[in-house]
Amino acid sequence: ETLVVKNKDPESPASPSASTATTATSSSLTLSSENTPLLENRHPQQRSMRELLTPTVVRVMTTNIFVCISSSMGEQAYPIFAATNTSDGGLGLSSRDIGISLAIASVAVIYLQLVAYPRLEKKYGVLKCYQRGQKTIIPYYFLLPFLNLVAKQVDISSISSQFPSTSRIILWILLIVLLLMRVAGSVMMMTSINLLTANLAPTKAELGFMNGTQQLSMSSSRIVGPLLSGTIWSWSIKHSLPFPFDFHLLWNACALMVFAATYLSTRIPQSVNEFGADRAESTSANPDDERAD
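Read in our numbering, the sequence shown has 244 at position 231, and its numbers run on one by one without any break.
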């Protein structure tokens, strides 16, 4: 008998079915590796408008509307108030005097914006500067119409003297002081509201939404403000009504709106002093630290 032994060569080619299976497996692995992102996506899902309009955002935007309407009313009404005759409740200033007073206030803006505000913000924070600006401008609105009493004395003294009277000097000193108060309050409020709007964004992706919402409220206020100021001023000087419904009415309305904004700003949390997007990124980048805290 002859024993026949079949030796399988290990280097012999594999069967067609095994080769096909191996090729399919390698192809699927290649496709899965190509579809796998190199870096993990850490960007949060886009938030809806309802999620972005938190109670804090609503309070800040509401105070922004009150502040912008009052500022727009005051800026539009001051030249008219200053040029109106003293018998109608104004200051009786000439166009040249009004231009000088506005120029002095404009020079103060440069110093307050570039030098004073950065130091105040670093020392007290954005929210405190916002609130202090509101508290600074309220006395301006309330006290400005009382300068009419001094202006009437200037008219009486100018009849008998060609030189600047003591009443006129006092009028200019008080007027410049009040205008500086207005400038200081406006700079602190308007600069702070821009920073607060940016800090409210939970991530950098929502910065555009927050800025657009703030610009919308400011633009709407600049439409409503001049309409209200002209209407209220015309109505108040046409009717012989007692205080506070005489020529004080417009300025008292501005003061009340800023007072309402001041009250609402006390309910804004201190967390708005920090940039919300940075907090969100640091939390997502260090989740273990967040859980440890």
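Positions of the beta carbon are idealized from the N, C-alpha and C atoms, including for glycine.
If you draw a straight line from the C-alpha of Ile111 to the C-alpha of Ala273, how long is it?
Rounded to whole angstroms, Ile111 to Ala273 spans 30 angstroms at the Cα level.
So, helix, strand or coil for Thr216, using DSSP?
Here Thr216 sits in coil by DSSP.
Below 7 angstroms CB to CB, which residues in the same chain sit around Ile93 once its five sequence neighbours on both sides are set aside?
Only Trp246 meet the Cβ criterion.
By the DSSP assignment, the alpha helix (DSSP H) with Ala95 in it spans what residues?
Note, Ala95: alpha helix (DSSP H), 68 to 96.
Decide if Ala197 is buried, meaning its Cβ has at least 16 other Cβ atoms within 10 Å, or exposed.
Ala197 is buried by the Cβ-count criterion.
Which one of Ser205, Cys267, Leu192, Leu241 has the shortest CA to CA distance from Arg145?
The shortest C-alpha separation from Arg145 is found at Ser205.
How far does the alpha helix (DSSP H) with Arg109 in it reach, from first residue to last?
108 to 124 is the span of the alpha helix (DSSP H), which, as asked, contains Arg109.
Going along the chain, which unbroken runs of the alpha helix (DSSP H) with 4 or more residues stay wholly within the segment 213 to 274?
Entirely contained in the segment 213 to 274, the alpha helix (DSSP H) runs reaching 4 residues are, in chain order, 220 to 251.
Buried or exposed: which applies to Pro158, given that a residue is buried once 16 or more other Cβ atoms fall within 10 Å of its Cβ?
Pro158 comes out buried.
Specify the secondary structure class of Phe288 as computed by DSSP and reduced to three states.
Reduced to three states, the DSSP call for Phe288 is coil.
For Gly105 and Tyr91, what's the separation of their Cα atoms in angstroms?
So the two alpha carbons sit approximately 12 angstroms from each other.
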